[in-house]
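Everything on this sheet refers to the single structure shown next.
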Amino acid sequence: MNRSDVRVDQDFLHERISAVACDAVINCAAWTNVDAAETHVNEAWSINAKFPACLAKATDRLKIPLVHISTEAVFSGKSCSPYKESDTPDPISVYGQSKLAGEVAVLEENSRAIVARTSWLYSANSSSNFPSRLRSQLRAGQTEIPVVTDVIGNPTPAPLLAHAVGSSLWFGLSGGLYHVACQGAVSKCDWAKHLCTIWGFDSRVIVKTTTSDFRSPAPRSLHVDLNNAKFRAAGVIEMPHWKEASLRYWHDLWSERKIAEA
Ligand SMILES: NC(=O)c1ccc[n+]([C@@H]2O[C@H](COP(=O)([O-])OP(=O)(O)OC[C@H]3O[C@@H](n4cnc5c(N)ncnc54)[C@H](OP(=O)(O)O)[C@@H]3O)[C@@H](O)[C@H]2O)c1
Numbered sequence: 128m129n130r131s132d133v134r135v136d137q138d139f140l141h142e143r144i145s146a147v148a149c150d151a152v153i154n155c156a157a158w159t160n161v162d163a164a165e166t167h168v169n170e171a172w173s174i175n176a177k178f179p180a181c182l183a184k185a186t187d188r189l190k191i192p193l194v195h196i197s198t199e200a201v202f203s204g205k206s207c208s209p210y211k212e213s214d215t216p217d218p219i220s221v222y223g224q225s226k227l228a229g230e231v232a233v234l235e236e237n238s239r240a241i242v243a244r245t246s247w248l249y250s251a252n253s254s255s256n257f258p259s260r261l262r263s264q265l266r267a268g269q270t271e272i273p274v275v276t277d278v279i280g281n282p283t284p285a286p287l288l289a290h291a292v293g294s295s296l297w298f299g300l301s302g303g304l305y306h307v308a309c310q311g312a313v314s315k316c317d318w319a320k321h322l323c324t325i326w327g328f329d330s331r332v333i334v335k336t337t338t339s340d341f342r343s344p345a346p347r348s349l350h351v352d353l354n355n356a357k358f359r360a361a362g363v364i365e366m367p368h369w370k371e372a373s374l375r376y377w378h379d380l381w382s383e384r385k386i387a388e389a
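For the sequence shown, position 182 matches number 309 in my numbering, and the numbering has no gaps at all.
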């Protein structure tokens, strides 16, 4: 299915999914521009909440599971303890609020649905994620790169999330809400230093800063560490520590020569 299939129309979705005769649907479509969501509230709610609700109803009618990808931004980040699935979400941005509404609707409408909350996704295939932007700055020879120390999350390689989702469907994971992110939390600044080291750049170019030095239209959740014990206990796949996942991810890319060294 493609972009034109993202419609808030249950009957259309039912027909479209029936036509491809699939065993499950995975919804990765979302309004992900956190700042623009503050001024494009209807559009963000349409894609992040209303569309998944229709998709959940359509897949429920077809008696197939829906995997819906959600985000750590459903939490404010005001608690410094790791967040469990049973913790009450308290989103502080339109993006987080609309994604939470999507989660609730999906779980209400399809009992086979799996909501996979994840965090800080990255892959070398995207130019817009944090490692890709940092790598471009390093390769351009930038000598001072300010990175915030007060934003904390769980960096998770996108292919690992894909593997976790595929395996969940393959092993018939029960419907419900799961935190599917790497273990361990890190600040953006320490993550940047780690990336410099494994890519062979001097990590001293990373200069510590804080969010108070930046103004952004949408408030950001500062400290969200997703506790993934429920997903681990389900025994589908082991979500490793973010550092181990990172080393493995970049090593695999280098071995396959899909990325140039340093
Ligand atoms: N990136 C992260 O760090 C992160 C963290 C936690 C959770 N997530 C969740 O992971 C999922 C994927 O995020 P991502 O970072 O990969 O985002 P992304 O690169 O922005 O991808 C979003 C997808 O949604 C599609 N889309 C956006 N607006 C659309 C519209 N109006 N109609 C149809 N399709 C539309 C985009 O299509 P086009 O490519 O055609 O624009 C794109 O395929 C989302 O559910 C997000 O909430 C992401």
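For each residue, glycine too, the CB sits at the ideal point set by N, CA and C.
Alpha carbon of Lys211 to alpha carbon of Thr198, nearest angstrom:
Answer to the nearest angstrom: the Cα atoms are 13 Å apart.
Tell me where the beta strand (DSSP E) around Tyr305 begins and ends.
Under the DSSP assignment, Tyr305 falls in the beta strand (DSSP E) whose first and last residues are Gly303 to His306.
Cα-Cα separation between Ser263 and Arg134, rounded to whole angstroms:
Ser263 and Arg134: Cα-Cα distance of roughly 35 Å.
Decide yes or no for the touch test of the stretch 220-237 against the stretch 286-299: beta carbon pairs closer than 8 Å, at least 3 of them.
Look at the beta carbons and you see the stretch 220-237 not touching the stretch 286-299: under three pairs across the two are nearer than 8 Å.
Going by CA-CA distance only, name the one from Asn355, His368 and Ala360 that's closest to Thr245.
Nearest option by C-alpha distance: Asn355.
What does the Cβ neighbour count give for Tyr343, buried or exposed, with the cut at 16 atoms within 10 Å?
It should be noted that the sequence gives Ser, not Tyr, for residue 343. Classification for Ser343: exposed.
Residues of its chain near Ala183, where Cβ-Cβ distance is below 7 Å and the 5 sequence neighbours each way are ignored:
Around Ala183: Leu193, Ala232, Val233, Glu236, Asn237 and Ala240.
Would you check if there are 3 or more beta carbon pairs closer than 8 Å linking the stretch 268-279 to the stretch 294-307?
Fewer than three Cβ pairs drawn from the stretch 268-279 and the stretch 294-307 lie within less than 8 Å of each other, which leaves the two stretches out of contact.
Which first and last residues belong to the alpha helix (DSSP H) in which Val161 is found?
Segment Val161 to Ala164, the alpha helix (DSSP H) holding Val161.
In angstroms with no decimal places, state the Cα-to-Cα distance between Trp381 and Arg260.
Annotation: Trp381 to Arg260 spans about 18 Å, alpha carbon to alpha carbon.
Heavy atom of ligand 1 within 6 Å of Ala360 beta-carbon:
Not so, every heavy atom of ligand 1 lies at least 6 Å from the Cβ.
How is the beta strand (DSSP E) around Lys205 delimited, first residue to last?
Careful: Lys205 lies outside any beta strand (DSSP E) and carries neither H nor E.
Hey, would you say the C-beta of Arg375 is under 6 Å away from at least one heavy atom of ligand 1?
No.
Distance, Ser253 Cα to Ile386 Cα:
So the alpha carbons of these two residues sit roughly 12 Å apart.
Given a cut-off of 7 Å on the beta-carbon distance, is the pair Ala319 and Ile333 in contact?
Cβ atoms of Ala319 and Ile333: closer than 7 Å.
Of the residues Ala361, Val274, Ser203 and Ser220, the one placed nearest Asp352, counting alpha carbons only
Measuring from the Cα of Asp352, the nearest candidate turns out to be Ser203.
Checking 7 Å against the spacing of the C-beta atoms, do Tyr222 and Ala200 come in under that value?
Yes; because the gap between Cβ atoms is below 7 Å, this pair is in contact.
Taking the C-alpha atoms as reference points, what is the distance between Ile272 and Asp317?
Approximately 13 Å between the Cα atoms of the pair.
Own chain residues within Cβ distance below 7 Å of Leu322, not counting five before or after:
Excluding its 5 nearest sequence neighbours in each direction, Leu322 has C-beta neighbours in its own chain below 7 Å: Pro258 and Leu261, listed in chain order.
Please classify Thr283: is it buried, with 16 or more other beta-carbons within 10 angstroms of its beta-carbon, or exposed?
Result: buried.
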